[in-house]
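Notes to accompany the following structure.
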Amino acid sequence: MKNIISILLFMTGLSLSAQVGINTNSPKAKLDVNGDVNLRNKVVVLNVTDNSLSQGNNDQLLVSQGEGYPPIWKSLRIPEYEPNKFYLIFNNSFSDRTGVKFSDSEQSTISGRNLAFSKGASITSLPGFKKITGLTQDLSIFSDNSKTYFQFETVVQANLPSNGTTDISIDYACGIFVDDKLVNLRQRNLKASSASSTFITHNQIGVISNLSKGDHKVSVACSRLGSYRTASNVVLAIGTYAADNINSFITQSSLKVDVYEIPQVFNSITN
């Protein structure tokens, strides 16, 4: 009976007082407990949608919704990883409508391309390359065992004249860089055709294994390598347009990045 009366008095005091402190003389909430709390039975939360009391489910956490809102139960979803298997850890895609343009005077001065275009080459050693600004993005690697896939797509156009032969053309190259180091490169040739202002779709897929753990920056840069029988006013446009028979929506660039890793810290799988 004494215990019942004590509990009733405590609850009465709690309802009448704005703030009650246990082991503290300056409570900062309606009930402020300064010390350990041992719950031997259950915790229930008011469900404001139907005014019911919810005990939550197994493995759920009590999560705050911010000041003025009651907490709610939420499931913590941590993926379970099996050892020695790759999992998709990062996946994102980016786009850019600005692109890059090259006049006939902005042609690359690279000589010995077979030596210059090698894995790990610094972008500073490749004169004439311009970055497509909107495709420069950050990514993070968390494991020593990873594979990072890149898929780059854009449209390349030049204001070439209509020509029935293919002896008027421009060589160009686009590279994918990680931390300004070349990891993938494609060279192509844009040829004049029977229609003026020829344009083509450029697709490029690359992969790099075992980037170092930590933060990295991926970027895409392109260059005008060589021109054959072109006039001085011919502009090469990559990810943008050189003539108004197409527009920036058609020529926009995109980059997709997927990172697969073998997690080094994982939860064991149970049946």
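Residue numbers (mature numbering (1 follows the signal peptide of the UniProt record, and there is no 0)): -20 to -1, 1 to 251. Ideal Cβ positions, reconstructed from N, Cα and C, are used throughout, including at glycine. Values in this document were obtained by computation on a predicted structure and should not be read as measured data.
Using a Cβ distance threshold of 8 Å, E133 and H182 count as a contacting pair. Fully enclosed alpha helix (DSSP H) runs of no fewer than 4 residues are not present anywhere in the segment 166 to 215. A straight line joining the alpha-carbon of G36 with that of N27 spans about 10 Å. Counting along the chain, the unbroken beta strand (DSSP E) around N72 starts and ends at Y67 to D76.
Membership of S34 in the beta strand (DSSP E) is indicated by the continuous run S32 to S34. In this structure V198 touches V237 by the C-beta definition: roughly 6 Å separates them, less than 8 Å. A138 places its beta carbon less than 8 Å from that of T178. Using a Cβ distance threshold of 8 Å, V(-1) and K8 do not count as a contacting pair. Taking 8 Å as the cut-off, the beta carbon of F70 is found closer than this to the beta carbon of L119. Straight across, the Cα-Cα distance linking Q40 with L19 is about 16 Å.
One alpha carbon belongs to S142, the other to I148, and they sit about 10 Å apart. Boundaries of the beta strand (DSSP E) around T134: S126 to A138. Assignment of G108 by DSSP, reduced to helix, strand and coil, places it in the coil class.
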